[in-house]
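Data block below; observations after.
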Amino acid sequence: MNALPRPSTIFLAAITTLVAVLLYSPLFVPIVSSFFTISQGNVDWSSPTLSTYAALAENHDILAALRTTLIVGVCTVILSVVSGTLLALYYHGRRSGRSFLQFIIFLPFLMPPIISGLALLIFFREIGLERSLLTVVIGHTVFVLAIVYRTVLMRLQSMSRTLVEASYDLGATGWQTFWRIILPNLSSAMVGGAILAFALSFDETMITILVTGTQSTLPVRLWAMMRLGFSPDINALVALILMFTVLLCVLAARFLIPRQMATERT
Amino acid sequence: MSKTGSTQPSERQLSLLVTVLAFALPVVFVLVPLAIFLVYSFFGVDQGTIVYAPTLGNYVRFFTDPIFLPVFWNTIVLCVSVAAICILLAYPAAYFLATLKGRWRYALLMLLLVPLLMSYVIKIYAIRSILGLNGFLNKALVALGILQQPSTLFVFNMNAILLTLSLLLIPFAILPIFLSLERIPQTLLRASDDLGASGWQTFLRITLPLSLPGVASAASFVFVLAIGDFLTPQMVGGISGFTFGRILYSQFGTAYNWPFGAALSVALAMVVICAILIGERFGRSRGTSL
Chain A
1 MNALPRPSTI
11 FLAAITTLVA
21 VLLYSPLFVP
31 IVSSFFTISQ
41 GNVDWSSPTL
51 STYAALAENH
61 DILAALRTTL
71 IVGVCTVILS
81 VVSGTLLALY
91 YHGRRSGRSF
101 LQFIIFLPFL
111 MPPIISGLAL
121 LIFFREIGLE
131 RSLLTVVIGH
141 TVFVLAIVYR
151 TVLMRLQSMS
161 RTLVEASYDL
171 GATGWQTFWR
181 IILPNLSSAM
191 VGGAILAFAL
201 SFDETMITIL
211 VTGTQSTLPV
221 RLWAMMRLGF
231 SPDINALVAL
241 ILMFTVLLCV
251 LAARFLIPRQ
261 MATERT
Chain B
267 MSKTGSTQPS
277 ERQLSLLVTV
287 LAFALPVVFV
297 LVPLAIFLVY
307 SFFGVDQGTI
317 VYAPTLGNYV
327 RFFTDPIFLP
337 VFWNTIVLCV
347 SVAAICILLA
357 YPAAYFLATL
367 KGRWRYALLM
377 LLLVPLLMSY
387 VIKIYAIRSI
397 LGLNGFLNKA
407 LVALGILQQP
417 STLFVFNMNA
427 ILLTLSLLLI
437 PFAILPIFLS
447 LERIPQTLLR
457 ASDDLGASGW
467 QTFLRITLPL
477 SLPGVASAAS
487 FVFVLAIGDF
497 LTPQMVGGIS
507 GFTFGRILYS
517 QFGTAYNWPF
527 GAALSVALAM
537 VVICAILIGE
547 RFGRSRGTSL
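Chains A and B, in that order, are what the protein sequence lines are.
Following our numbering, the numbering of the first sequence begins with 1 at its first residue and continues without gaps.
Following our numbering, the numbering of the second sequence begins with 267 at its first residue and continues without gaps.
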């Protein structure tokens with residue numbers, strides 16, 4: 001972009017600041033409330049407290065939901081990374097049927113979650129699978145698969161063919177080439193995809209509400225509590241989750257942005 | 267890697283297994299559920315149980331009942347407005363990011379995208395408290411003298427849904443617009459400058475047309491995400507803010523009419539497919555590759 005005349009730069013910067021404020025204000029509210037008491041919309045700035053965090057440690061209901069979310073997240077990551085990588089390896093360099101199956105993989109990600117969720121709900125009912133954590137994991141995996149698949153496929157496509165050819169020329173078998181050349185080259189894309197998959201699974205609400213059984217994940221639990229209003233310890237939880245999410249983002253960025261590009265920009 | 271023509275039997279078996287899995291996974295867990303869902307929309311319900319006999323009743327009801335089409339239409343209008351608001355805010359921000367150099371550009375982009383990954387439910391709750399009678403928005407407007415007293419204009423109605431969805435979805439508009447702006451070759455802008463165009467002329471005749479594909483993608487992203495949302499309307503819409511997503515969701519809850527809900531989903535899917543196709547059609551960048 002060309003350098004702009006000053007007034008327009010100021011205008012653009014002002015809009016950008018406004019957007020940032022709009023985006024962060026909903027996150028700011030619970031974080032402030034986690035340290036200060038708020039009554040009737042007025043913040044009592046005088047007495048910061050950590051009592052909400054202490055109360056959170058006592059809230060077994062929420063902690064159980066958090067544990068469930070983590071279990072679901074880890075299962076989803078394992079399933080989606082394994083199947084996403086296999087699918088990417090399979091479709092890479094293969095033309096027949098690829099665009100059609102690729103389209104199917106992307107469908108749950110493109111379609112509104114309510115449609116994917118309801119389709120799965122009816123599907124589980126038809127095959128007689130009780131709603132449980134298993135159905136939640138399946139729902140999440142179907143949803144995040146596209147992300148992992150695409151991340152790994154992009155890395156495969158940017159990988160030089162000569163590496164694989166050199167490995168074969170040097171007498172390596174298919175397996176050896178896979179373990180020693182292809183997999184190490186894909187590992188950072190797989191880790192990046194895994195982090196994104198975990199972050200998406202951690203916050204997935206709409207599909208989960210539709211396919212969950214008696215055990216609810218954290219977002220669904222919060223959703224159920226929201227009708228009655230939150231107790232103050234939820235704010236502490238939110239503050240912790242936000243910190244955790246920022247950490248995940250930074251990690252994902254580290255693994256997904258190619259090393260050369262990162263150094264180029266500095 | 268199966269395509270390298272391995273000769274060992276174990277590898278061939280493995281590649282066959284991989285082939286079967288590669289096809290089975292997406293088909294079983296995506297295509298089959300959607301197909302069953304579609305078939306369900308042609309079933310009926312009699313006194314709380316599903317009647318497995320083909321009928322067009324659900325679709326006839328959707329088109330003839332005076333409730334559904336207006337809500338459907340209003341929801342589409344609502345989501346188009348959400349997309350418009352998001353783009354109006356996201357375009358200047360994306361443009362500003364694109365004018366930045368080096369590290370700042372990506373750091374700021376990241377800053378504007380990170381809120382996407384933060385708890386959706388919590389954000390809705392926080393926005394509701396900001397918009398509410400005792401919320402920050404009302405306090406600010408009263409303090410500025412724009413309002414005499416706190417108003418209930420911003421919560422539990424269609425306005426609330428509009429504002430909340432826009433706030434939630436802005437980052438989805440920023441990214442595609444930023445990417446399309448970033449792809450515009452510097453040489454074009456310099457050429458325009460050399461030929462004597464003013465900054466404003468260059469923007470209107472070079473930058474804006476070349477960034478429109480990004481705007482189209484952004485609009486289709488935001489629209490699709492907004493129209494599929496049933497949590498936000500449920501939470502901030504109150505009684506008057508009734509959207510299609512809510513009606514659809516209620517068919518699987520209180521109304522308990524799965525086949526009719528499936529038919530409503532088909533209608534929703536049609537709109538979504540149209541939006542994605544339009545976004546795809548106009549979202550292709552032309553002339554930016556030099």
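The beta-carbon is built from N, C-alpha and C at its ideal position, and this holds for glycine as well.
Predicted model, so just to flag it, every value in this text is computed and none were measured.
Per DSSP, what kind of secondary structure is residue i in: helix, strand or coil?
i	result
residue 314 (chain B)	coil
residue 37 (chain A)	strand
residue 44 (chain A)	strand
residue 260 (chain A)	The pLDDT assigned to residue 260 (chain A) is 49, lower than 50, so where the model puts this residue is not dependable, and the model offers no usable value.
residue 136 (chain A)	helix
residue 410 (chain B)	coil
residue 215 (chain B)	Lying before the first or after the last residue shown, residue 215 (chain B) is absent from chain B, which here runs from 267 to 556.
residue 467 (chain B)	helix
residue 159 (chain A)	coil
residue 508 (chain B)	coil
residue 124 (chain A)	helix
residue 421 (chain B)	coil
residue 58 (chain A)	helix
residue 287 (chain A)	Since the first and last residues shown for chain A are 1 and 266, residue 287 (chain A) lies out of range.
Strictly below 7 Å CB to CB, what residues from chain B border residue i?
i	result
residue 83 (chain A)	291
residue 112 (chain A)	490, 493, 494, 534 and 538
residue 226 (chain A)	387, 391 and 501
residue 108 (chain A)	296
residue 126 (chain A)	302
residue 236 (chain A)	Those do not exist, as residue 236 (chain A) stays about 12 Å from chain B at its closest Cβ, beyond 7 Å.
So which residues on chain A does residue i lean against when the C-beta distance must stay under 9 Å?
i	result
residue 507 (chain B)	What residue 507 (chain B) touches in chain A: nothing, since even the nearest Cβ is about 16 Å away.
residue 511 (chain B)	112 and 114
Residue i to residue j, Cα distance in whole Å?
i	j	result
residue 413 (chain B)	residue 395 (chain B)	18 Å
residue 331 (chain B)	residue 236 (chain A)	47 Å
residue 391 (chain B)	residue 53 (chain A)	19 Å
residue 415 (chain B)	residue 405 (chain B)	9 Å
residue 260 (chain A)	residue 286 (chain B)	Low confidence applies to residue 260 (chain A): its pLDDT is 49, below 50, so where it sits in the model is not reliable, and the reading given next is rough at best. Answer to the nearest angstrom: the Cα atoms are 38 Å apart.
residue 410 (chain B)	residue 524 (chain B)	50 Å
residue 87 (chain A)	residue 101 (chain A)	10 Å
residue 91 (chain A)	residue 498 (chain B)	38 Å
residue 351 (chain B)	residue 232 (chain A)	33 Å
residue 548 (chain B)	residue 488 (chain B)	15 Å
residue 267 (chain B)	residue 163 (chain A)	With a pLDDT of only 44 at residue 267 (chain B), under the threshold of 50, the placement of this residue in the model should not be trusted; the figure read from the coordinates follows. For residue 267 (chain B) and residue 163 (chain A), the distance between alpha carbons rounds to 14 Å.
residue 475 (chain B)	residue 550 (chain B)	12 Å
residue 466 (chain B)	residue 62 (chain A)	54 Å
residue 219 (chain A)	residue 384 (chain B)	11 Å
Would you decide whether residue i is buried or exposed? Buried here means 16 or more other CB atoms lie within 10 Å of its CB.
i	result
residue 23 (chain A)	buried
residue 161 (chain A)	exposed
residue 108 (chain A)	buried
residue 367 (chain B)	exposed
residue 517 (chain B)	buried
residue 333 (chain B)	exposed
residue 45 (chain A)	exposed
residue 149 (chain A)	buried
residue 434 (chain B)	buried
residue 460 (chain B)	exposed
residue 495 (chain B)	buried
residue 269 (chain B)	Residue confidence is low: residue 269 (chain B) scores 46 on pLDDT, short of 50, so the model does not pin down where it sits. Its coordinate-derived value is still stated next. When all chains shown are included, residue 269 (chain B) counts as exposed.
residue 555 (chain B)	Residue confidence for residue 555 (chain B) is low, a pLDDT of 45 falling below 50, so the modelled location carries little weight; the figure read from the coordinates is stated next. Answer is exposed; the Cβ neighbour count stays below 16.
residue 65 (chain A)	buried
residue 203 (chain A)	buried
residue 522 (chain B)	exposed
residue 198 (chain A)	buried
residue 318 (chain B)	exposed
Chain B partners of residue i, CB-CB under 9 Å?
i	result
residue 205 (chain A)	385, 386, 387 and 497
residue 199 (chain A)	383
Which residues in chain A have a C-beta closer than 8 Å to the C-beta of residue i? List them in chain order.
i	result
residue 515 (chain B)	114
residue 437 (chain B)	23
Name the chain B residues that come within less than 8 Å of residue i, Cβ to Cβ?
i	result
residue 223 (chain A)	387 and 497
Can you pull the chain A neighbours of residue i, defined as C-beta to C-beta under 7 Å?
i	result
residue 284 (chain B)	86 and 90
query: Taking any Cβ of chain B, which residues in the stretch 7-29 of chain A have a Cβ under 7 Å from it, in chain order?
result: Those residues of the stretch 7-29 of chain A that come within reach of chain B (Cβ to Cβ, closer than 7 Å) are 12, 13, 15, 16, 19, 20, 22, 23, 24, 25, 26, 27 and 29.
task: May I ask you to list, following chain order, the residues of the stretch 526-552 of chain B that have a beta carbon less than 8 Å from some beta carbon of chain A?
output: So the close ones are 527, 528, 531, 534, 535, 538 and 542.
query: Taking a cut of 9 Å between CB atoms, which residues from the stretch 167-178 of chain A lie near chain B?
result: Taking 9 Å as the Cβ-Cβ cut-off against chain B, the residues of the stretch 167-178 of chain A that qualify are 168, 173, 174, 175, 177 and 178.
- prompt: Just by C-beta distance, which residues in the stretch 342-364 of chain B are closer than 8 Å to chain A?
  reply: Shown in chain order are the members of the stretch 342-364 of chain B whose Cβ falls below 8 Å from a Cβ of chain A: 355, 356, 358, 359, 361, 362, 363 and 364.
- prompt: Relative to chain B, which residues along the stretch 58-75 of chain A have a C-beta separation below 8 Å, given in chain order?
  reply: Answer in chain order: no residues at all.
task: Could you please tell me which residues of the stretch 376-403 of chain B, in chain order, have their CB closer than 7 Å to any CB of chain A?
output: For chain A, the residues of the stretch 376-403 of chain B that bring a beta carbon within less than 7 Å of one of its beta carbons are 376, 377, 378, 380, 381, 383, 384, 385, 386, 387, 388, 389, 391, 392, 393, 395, 396, 400 and 401, in chain order.
query: the stretch 292-325 of chain B: which residues have C-beta closer than 8 Å to a C-beta of chain A, in chain order?
result: Listed by position along the chain: 292, 293, 295, 296, 297, 298, 299, 300, 302, 303 and 306.
Chain-ordered residues of the stretch 89-104 of chain A with a beta carbon less than 8 Å from chain B: Listed by position along the chain: 89, 90, 91, 93, 94, 97, 101 and 104.
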